[in-house]
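**Student:** One structure is given below, represented as structure tokens, and several questions about it will come after.
In our numbering, the protein residues as written are 755 to 1340.
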């Protein structure tokens, strides 16, 4: 049995099939997410899927450092696509921080490759692993803190060295082992232990994190003791996409933010009571005087908009000698701007903006009329339009992948949730580059980035239709959401195009051989195929009752199957009424 586990571990290290999951750490006081802990898992079908057996096997085989290195690289690559500046907590064994294993240059390269800063990272040091040379470990940790990294002691209470390490290291965070949290509401000893730890942390200027909070009762006790940072299933299970449930904090789920094609003119309307064409200018002026924030009045007959009456135009006329006396009894049609822009309620904001720009070369209209079925429903403000478009662009930039500038995990999750709520059919394609690491090792990260950028360009070329969404999960993982029935054939054509275009990155000798030679995790030279593209495809029917999370899990599973298949493509097409969660890869 142990030999089988040892062989499986070496296979995972060679093929780099570790998956990173993220579990939220929430701030009780601010009612927000403080950061995420990166947790590593083996493939779902592997005997080493579970973290405990995975790391126990690595320790028994003397491969803890190799596994730690792979987990760190995978976590950094996955986190870079999350599009957030929250803290990332990563577990590191002391052995990885001891000479000669610890190499600052490699750490710097890891950060630069994934565009991370030391201040983004919290290094968790568990007291479960004994330290052979504490003085050397403290030197490394001191250096890390000087560079800007934060330090946490993990699993306080699970061993005997925690308090000593706490006093010597002066960490930024101390995580309390879940043993002391479980059923704490019924255990006086646990409550007293926690109370003493809280007092100690206050004196030492260190922040506590309560791990394993799974029930409302546990949460109430922890919060009552003054611990502001908590982690556990109550706030979110580990997932590939960094999400959290803040309901226990009294925070209602945010309404789903629709993707850009669903941000329409209807989201901008103000309910301005219209006037009719037989209204007098005196009546209109009295309305404008009594409503200081109204600068235009829509003129509507039988629900049909005729145009706009602008405040500035009436004021200009009434300010002239005898202007008011001459015009106040006349109908508003005398000063009606019949060239007002009229847009349908469902017109996308980008189209509204373009029509405003194209409508008149001399000035930008301040308002536009919004209709539904050609009947007036409200007035839109150009100022609010620009404000909303700017806010959307800022949010897109905030969550964009830094290399490709494509939407990262947060917009991807929102787009998937929006389409799931629509109840309309779509196809989800999860793309992943096969044998990307050997290419990186052979040709360097610069070429690796060029390959990723090439894939991004191809995705935008093949999926640019109405409703298509292209996102970059991180590293060499991408996702496409498309309503087009041609999405599957487009995905297969893209796979062939990717293979054809990536061959230019290899030398003639490599192309003739059909493989690259690179060092595997065991330090041995192996032969690896040239890069190709895996596509895991999930078809979502109009009556599909799966949640966005279940569809996301199905896509991850399909991608794993695609990477294992000869054609690098796997199509999942469950029953449209299926509500059972798909097999999970985490």
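The C-beta atom is built at its ideal place from N, Cα and C for all residues, glycine as well.
Checking 9 Å against the spacing of the C-beta atoms, do residue 828 and residue 768 come in under that value?
**Tutor:** Here the question's residue 828 lines up with position 74 in the chain shown. Here the question's residue 768 lines up with position 14 in the chain shown. The answer is no: Cβ separation not under 9 Å.
**Student:** DSSP three-state call for residue 1284: helix, strand or coil?
**Tutor:** For this step, residue 1284 is matched to residue 530 along the chain shown. Three-state result, residue 1284: coil.
**Student:** Any idea what DSSP makes of residue 1076, helix, strand or coil?
**Tutor:** For the purposes of this step, residue 1076 is identified with residue 322 of the chain shown, where counting begins at 1. Looking at residue 1076 - three-state DSSP - the assignment turns out to be coil, as it is neither helix nor strand.
**Student:** Sorted by chain position, which residues of the same chain lie with C-beta nearer than 7 Å to residue 1235's C-beta, five sequence neighbours on each side aside?
**Tutor:** Locating residue 1235 in the chain shown gives position 481, where the first residue counts as 1. Answer for residue 1235: 1169, 1170, 1173, 1180, 1182 and 1223, listed in chain order.
**Student:** From the DSSP output, which residues share a beta bridge with residue 803?
**Tutor:** Taking the chain shown and counting its residues from 1, one reaches residue 803 at position 49. None; residue 803 has no bridge partner.
**Student:** Identify every residue that forms a DSSP beta bridge with residue 1188.
**Tutor:** One-based indexing of the chain shown puts residue 1188 at position 434. 1286, per the DSSP bridge assignment.
**Student:** Please report the straight-line C-alpha distance between residue 1041 and residue 1088, rounded to a whole angstrom.
**Tutor:** For this step, residue 1041 is matched to residue 287 along the chain shown. For this step, residue 1088 is matched to residue 334 along the chain shown. Distance between the alpha carbons of residue 1041 and residue 1088: 17 Å.
**Student:** Helix, strand or coil for residue 1312? Go by DSSP, reduced to three states.
**Tutor:** Mapped onto the chain shown, residue 1312 falls at position 558. Looking at residue 1312 - three-state DSSP - the assignment turns out to be helix.
**Student:** Do you know how far the Cα of residue 797 is from the Cα of residue 994?
**Tutor:** To locate residue 994, count along the chain shown from 1; it is residue 240. To locate residue 797, count along the chain shown from 1; it is residue 43. Their backbone Cα atoms lie some 13 Å apart in a straight line.
**Student:** For residue 839, which three-state DSSP category applies?
**Tutor:** The sequence position of residue 839 within the chain shown is 85, counting from 1. Coil, per DSSP.
**Student:** Could you say if the stretch 1096-1108 and the stretch 1039-1056 meet the contact criterion of at least three C-beta pairs nearer than 8 Å?
**Tutor:** no
**Student:** Does the beta-carbon of residue 1304 have 16 or more other beta-carbons within 10 angstroms, so that it is buried, or is it exposed?
**Tutor:** Here the question's residue 1304 lines up with position 550 in the chain shown. Under this definition residue 1304 is a buried residue.
**Student:** If you reduce the DSSP assignment to three classes, tell me which class residue 775 lands in.
**Tutor:** If you number the chain shown from 1, residue 775 lands on position 21. Residue 775 sits in a strand when the DSSP states are folded into three classes.
**Student:** Reducing DSSP to helix, strand and coil, say where residue 816 ends up.
**Tutor:** As a position in the chain shown, residue 816 is number 62, starting the count at 1. Three-state DSSP puts residue 816 in coil, outside helix and strand.
**Student:** Return the CA-CA distance between residue 852 and residue 928, expressed in angstroms with no decimal places.
**Tutor:** Counting from 1 along the chain shown, the entry for residue 852 is found at position 98. Counting from 1 along the chain shown, the entry for residue 928 is found at position 174. Roughly 21 Å separates the two Cα atoms.
**Student:** With a cut-off of 8 Å on the beta carbons, I'd call residue 905 and residue 923 a contact; round off their distance for me.
**Tutor:** On the chain shown, position 151 is the one that residue 905 refers to. On the chain shown, position 169 is the one that residue 923 refers to. Indeed, because the Cβ distance is near 6 Å, the residues count as touching under 8 Å.
**Student:** For the beta strand (DSSP E) that residue 1134 lies in, which residues bound it at each end?
**Tutor:** Here residue 1134 is taken as the residue at index 380 of the chain shown, counted from 1. From DSSP, the beta strand (DSSP E) with residue 1134 extends over 1129-1135.
**Student:** Only counting the same chain, and skipping five residues up and downstream in sequence, which positions put a Cβ closer than 6 Å to that of residue 1237?
**Tutor:** Stepping through the chain shown from its first residue, residue 1237 is reached at position 483. These residues qualify, in order along the chain: 1180 and 1221.
**Student:** Based on the DSSP secondary-structure assignment, which residues constitute the bridge partners of residue 1162?
**Tutor:** The count along the chain shown starts at 1 and reaches residue 1162 at position 408. Answer is none; residue 1162 lacks a bridge partner.
**Student:** With residue 1256 and residue 1205 assumed to form a contact (beta carbons below 8 Å), what rounded beta-carbon distance in angstroms separates them?
**Tutor:** Here residue 1256 corresponds to residue number 502 of the chain shown, with the count starting at 1. Here residue 1205 corresponds to residue number 451 of the chain shown, with the count starting at 1. Right, their Cβ atoms sit about 6 Å apart.
**Student:** Let me know if residue 1064 comes out buried or exposed under the rule of 16 or more other beta-carbons within 10 Å of its beta-carbon.
**Tutor:** Indexing the chain shown from 1 puts residue 1064 at position 310. Buried, since its Cβ has 16 or more Cβ neighbours within 10 Å.
**Student:** Tell me residue 791's beta-bridge partners as DSSP assigns them.
**Tutor:** Within the chain shown, the letter at position 37 stands for residue 791. Answer by DSSP bridge pairing, in chain order: 777 and 843.
**Student:** Within its chain, find whatever has a CB closer than 7 Å to the CB of residue 812; leave out the 5 residues flanking it on each side and keep chain order.
**Tutor:** Sequence index remark: in the chain shown, residue 812 carries index 58 (1-based). Shown here for residue 812: same chain residues with a beta carbon closer than 7 Å to its own, the five before and five after excluded, namely 763, 818 and 821 in chain order.
**Student:** Considering only residues of the stretch 1222-1301, which uninterrupted beta strand (DSSP E) runs meet the minimum length of 3 residues and lie entirely inside it, listed in chain order?
**Tutor:** Taking only runs of at least 3 residues, the beta strand (DSSP E) segments lying wholly in the stretch 1222-1301 are 1223-1228, 1231-1236, 1269-1273, 1279-1283 and 1286-1294.
**Student:** Over the uninterrupted alpha helix (DSSP H) stretch that includes residue 1037, give me the two end residues.
**Tutor:** Indexing the chain shown from 1 puts residue 1037 at position 283. Segment 1035-1044, the alpha helix (DSSP H) holding residue 1037.
**Student:** Once the 5 residues before and after residue 1207 are set aside, which same chain residues still bring their CB inside 8 Å of it?
**Tutor:** Numbered from its first residue, the chain shown carries residue 1207 at position 453. These residues qualify, in order along the chain: 1157 and 1158.
**Student:** Evaluate residue 1218 with the Cβ neighbour count: other Cβ atoms within 10 Å of its Cβ, from every protein chain shown; 16 or more gives buried, anything less gives exposed.
**Tutor:** Translated into the one-based positions of the chain shown, residue 1218 becomes position 464. Looking at its Cβ environment, which holds fewer than 16 other Cβ atoms inside 10 Å, residue 1218 is exposed.
**Student:** Roughly how many angstroms lie between the CA atoms of residue 1006 and residue 988, to the nearest whole one?
**Tutor:** By one-based count along the chain shown, residue 1006 stands at place 252. By one-based count along the chain shown, residue 988 stands at place 234. Confidence at residue 1006 is low in this model, with a pLDDT of 47, below 50, so its placement is unreliable and no value can be given for it.
**Student:** Please determine, among 1259, 1136 and 870, the residue with the shortest C-alpha to C-alpha distance to residue 1096.
**Tutor:** Residue 1096 sits at position 342 when you count from the first residue of the chain shown. Taking only the C-alpha atoms, the option nearest residue 1096 is 1136.
**Student:** Please state if the CB of residue 1270 and the CB of residue 1178 are separated by a distance shorter than 9 Å.
**Tutor:** In the chain shown, the residue the question calls residue 1178 occupies position 424. In the chain shown, the residue the question calls residue 1270 occupies position 516. The answer is no: Cβ separation not under 9 Å.
**Student:** Residues in its own chain within less than 7 Å of residue 1251 by CB, not counting five upstream and five downstream?
**Tutor:** One-based indexing of the chain shown puts residue 1251 at position 497. Within the same chain, residue 1251 has close Cβ partners 1212.
**Student:** With distances taken Cα to Cα, identify the nearest neighbour of residue 1060 among 1036, 1031, 1084 and 1049.
**Tutor:** Working through the chain shown from its first residue, we reach residue 1060 at position 306. Measuring from the Cα of residue 1060, the nearest candidate turns out to be 1031.
**Student:** Which of the three DSSP states, helix, strand or coil, is assigned to residue 896?
**Tutor:** In the chain shown, the residue the question calls residue 896 occupies position 142. Three-state DSSP puts residue 896 in a helix.
**Student:** Distance check for residue 1125 and residue 1132, CA to CA, integer angstroms please.
**Tutor:** Here the question's residue 1132 lines up with position 378 in the chain shown. Here the question's residue 1125 lines up with position 371 in the chain shown. The straight-line gap from Cα to Cα measures roughly 7 Å.
**Student:** Within the continuous alpha helix (DSSP H) that includes residue 950, where are the two ends?
**Tutor:** In the chain shown, counting from the first residue as 1, residue 950 sits at position 196. That run of the alpha helix (DSSP H) goes 942-958.
**Student:** Just checking my contact of residue 930 with residue 943 at CB under 8 Å: how many whole Å lie between their CB atoms?
**Tutor:** Position 176 of the chain shown holds residue 930. Position 189 of the chain shown holds residue 943. About 14 Å separates the CB atoms of residue 930 and residue 943; that is not less than 8 Å, and the two are not in contact.
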